[in-house]
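Which chain is which? The protein sequence lines are A and B, in order.
Just so you know, the first sequence maps onto residues 0 to 140 in numbering that gives the first Met the number 0.
Just so you know, the second sequence maps onto residues 0 to 265 in numbering that gives the first Met the number 0.
Cβ atoms here follow ideal geometry from the backbone N, Cα and C, with glycine treated the same way.
Each remark here refers to the structure printed beneath this line.
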Amino acid sequence: MKRIALLLLAALLVSLYFYGNVAVAEEDEEHGGDIIYTKPLKAVIFSHKAHTEDIGLECDWCHEETFEMEALYMQENTDFTMESLCNENYCGTCHNGDISFSTTTQCARCHIGVKGYNELVRQGKIEPEEGDVIQVEGGGH
Amino acid sequence: MKLMNINLEKLIPESLDSVSPMERRSFLKMGLVITGVFAGGRIFSVVSNVNEAFASSTDFVEKYPYSPHYSMVIRQGLCIDCEQCLQACKETNSVPDYGYRTRILTKTVSDAIGRQREFIPILCNHCNDAPCTRACPTKATYKNEVNGVVMMNSKKCIGCKMCILACPYEARYYNAERRAIDKCNFCYDTRISKGEKLTACSYVCPTGARIFGDISDPENVVYSMVHQIEKQVWVLRPESGTKPNVFYMKATRSSPWDLRKQAGAR
């Protein structure tokens, strides 16, 4: 009898554990995931996970004053440039060397480049844009 | 497409003991002191010694055999792999999709704090002592006597690919359309000889990672960058004894933004 009770308890704990994981997984999807900017240059990564889960920023700190909710909405703006970022617009609102690292440093921290972009396409994480030629490194001639 | 054999992931500093006195001396003559050795002696890190080694900058300039002596400085930390340079090079010099005149290597440092990615542009080093020109049986590839650019004469090229084997920088490919080897010539035929000041790649570079100029001219930006006191500058594969003219340096920070671009760039 005691043995059955223990087993039941174990089963209950296991199910609670998995239920908990499911809850976390659902929470994961509440942010926008990785955003890959391709304008004005290919390619820059913005990680929602790094900004919300890892350092705990709230959604409304950036949305919708600095960034629209719609992904990649801002990159259609003509002033979505490094110069503008350096003048504390867009990412530069916080990445000004004061609140967070400046946009004049650590270039390749955000710039994943064409190679990083192609790698994400190969992994099936993003859809290639029209006219993209994805070359396989080390292949060909 | 072949990649360079250097395993950038596993670069660890090595002992200076492995550097021969001859090698030290040849670097000193260039106004550089060796401060570190990497990758089995393939990569040296050096600092400028111009002030100590030479009485005046003119002494130093006389060591450069060409005038103008075309060179390029790669400011490594500024490259963002946007590949505008690759695109501009392809368009300017009719480089086919299977070929390249310049490439960008990626190095990932997964345990670094902050930036974990580094992009390293590579191209023909236009060596003073170019092994490719020695290997060529028909003299199809040669040093331009005035400015030191390593040129190709496609008409003379028989496609034997000896130069590809001789080049320690893997800067050459066989162009099937031209039926000849093709390589970077600092845009000599397409831009520089037509009066342009910059190569296509340095012209379009949005960050100033590729700085092109005349290293023999103390007024030139390349001269001042390479000869900054106590600034680490290095070349690739110095053990080949090729005396390369593409210099590398770290540049992790510069502001304001506009100052990064080379003067005259797009």
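Could one say the Cβ of B/Ser-70 lies closer than 9 Å to chain A's Cβ atoms, at least one of them? The sequence position of residue 70 of chain B within the second sequence is 71, counting from 1. Closer than 9 Å: no.
At a Cβ cut of 8 Å, what residues of the region 90-114 of chain B count as close to chain A, listed as they run along the chain? Asp-96, Tyr-97, Gly-98, Ile-103, Thr-105, Gly-113, Arg-114
Is A/Ile-98 helix, strand or coil when you go by DSSP? On the first sequence, residue 98 of chain A is found 99 positions in, with the first residue counted as 1. It is coil, neither helix nor strand.
When the Cα atoms are used, what is the spatial distance from A/Met-73 to B/Cys-126? Here residue 73 of chain A refers to the residue found at position 74 of the first sequence. Here residue 126 of chain B refers to the residue found at position 127 of the second sequence. Cα to Cα, the separation comes out at about 46 Å.
Just grab the DSSP bridge partners of B/Asn-174 for me. Against the second sequence, residue 174 of chain B aligns to sequence position 175. For B/Asn-174, which the question treats as bridged, DSSP gives the partners B/Ala-179.
Quick one: what's B/Gly-212 bridged to in DSSP? Here residue 212 of chain B corresponds to residue number 213 of the second sequence, with the count starting at 1. B/Ser-70, per the DSSP bridge assignment.
Check this for me: beta carbons of B/Gln-86 and B/Pro-205, under 9 Å apart or not? Sequence index remark: in the second sequence, residue 86 of chain B carries index 87 (1-based). Sequence index remark: in the second sequence, residue 205 of chain B carries index 206 (1-based). Not a contact, by the Cβ cut-off of 9 Å.
Thinking just about the alpha-carbon of each residue, which of B/Leu-122, B/Pro-95, B/Cys-81 is nearest to the one in B/Met-71? For the purposes of this step, residue 71 of chain B is taken as the residue at position 72 of the second sequence. Of the listed residues, the one whose Cα sits closest to B/Met-71 is B/Leu-122.
Taking only the alpha-carbon atoms, compute the straight-line gap between B/Tyr-187 and B/Tyr-141 and give it to the nearest angstrom. Taking the first residue of the second sequence as position 1, residue 187 of chain B is located at position 188. Taking the first residue of the second sequence as position 1, residue 141 of chain B is located at position 142. In a straight line, the C-alpha of B/Tyr-187 is about 13 Å away from that of B/Tyr-141.
Give a yes or no on whether the C-beta atoms belonging to B/Lys-155 and B/Thr-132 are separated by under 9 Å. In the second sequence, the residue the question calls residue 155 of chain B occupies position 156. In the second sequence, the residue the question calls residue 132 of chain B occupies position 133. Taking 9 Å as the Cβ cut-off, B/Lys-155 and B/Thr-132 do not qualify as a contacting pair.
How about A/Cys-90 and A/Thr-102: are their beta carbons less than 9 Å apart? On the first sequence, residue 90 of chain A is found 91 positions in, with the first residue counted as 1. On the first sequence, residue 102 of chain A is found 103 positions in, with the first residue counted as 1. Closer than 9 Å, so yes.
Less than 9 Å between the beta carbons of B/Cys-81 and A/His-110, yes or no? Translated into positions along the second sequence, residue 81 of chain B becomes position 82. Translated into positions along the first sequence, residue 110 of chain A becomes position 111. Cβ atoms of B/Cys-81 and A/His-110: closer than 9 Å.
Can you grab the Cα-Cα spacing for the pair B/Gly-147 / B/Thr-241, in whole Å? Locating residue 147 of chain B in the second sequence gives position 148, where the first residue counts as 1. Locating residue 241 of chain B in the second sequence gives position 242, where the first residue counts as 1. Near 13 Å, if we compare the C-alpha coordinates of B/Thr-241 and B/Gly-147.
With a threshold of 9 Å between beta-carbons, can B/Glu-169 be considered close to chain A, or not? Locating residue 169 of chain B in the second sequence gives position 170, counting from the first residue. Output row for B/Glu-169: interface = no.
I need the DSSP call for B/Arg-116, collapsed to helix, strand or coil. For the purposes of this step, residue 116 of chain B is identified with residue 117 of the second sequence, where counting begins at 1. Reduced to three states, the DSSP call for B/Arg-116 is strand.
Residue interval of the beta strand (DSSP E) (run including A/Asp-33): Sequence index remark: in the first sequence, residue 33 of chain A carries index 34 (1-based). Where A/Asp-33 is concerned, the enclosing beta strand (DSSP E) stretches over 33-36.
Per the contact definition of three or more C-beta pairs closer than 8 Å, is the region 177-194 of chain B in contact with the region 90-100 of chain B? yes
Name, going along the chain, the residues of the region 100-111 of chain A whose beta-carbon falls closer than 9 Å to a beta-carbon of chain B. Phe-100, Ser-101, Thr-102, Thr-103, Thr-104, Gln-105, Cys-106, Ala-107, Arg-108, Cys-109, His-110, Ile-111
Flag this pair as yes or no: are the beta carbons of B/Cys-200 and B/Thr-101 separated by less than 9 Å? Position 201 of the second sequence, counted from the first residue, corresponds to residue 200 of chain B. Position 102 of the second sequence, counted from the first residue, corresponds to residue 101 of chain B. A contact, by the Cβ cut-off of 9 Å.
Is it buried or exposed, B/Ala-175, if we count other Cβ atoms within 10 angstroms and call 16 or more buried? Indexing the second sequence from 1 puts residue 175 of chain B at position 176. The residue is exposed, with fewer than 16 neighbouring Cβ atoms inside 10 Å.
Where does B/Tyr-141 sit, in a helix, a strand or coil, going by DSSP? Taking the first residue of the second sequence as position 1, residue 141 of chain B is located at position 142. Strand, per DSSP.
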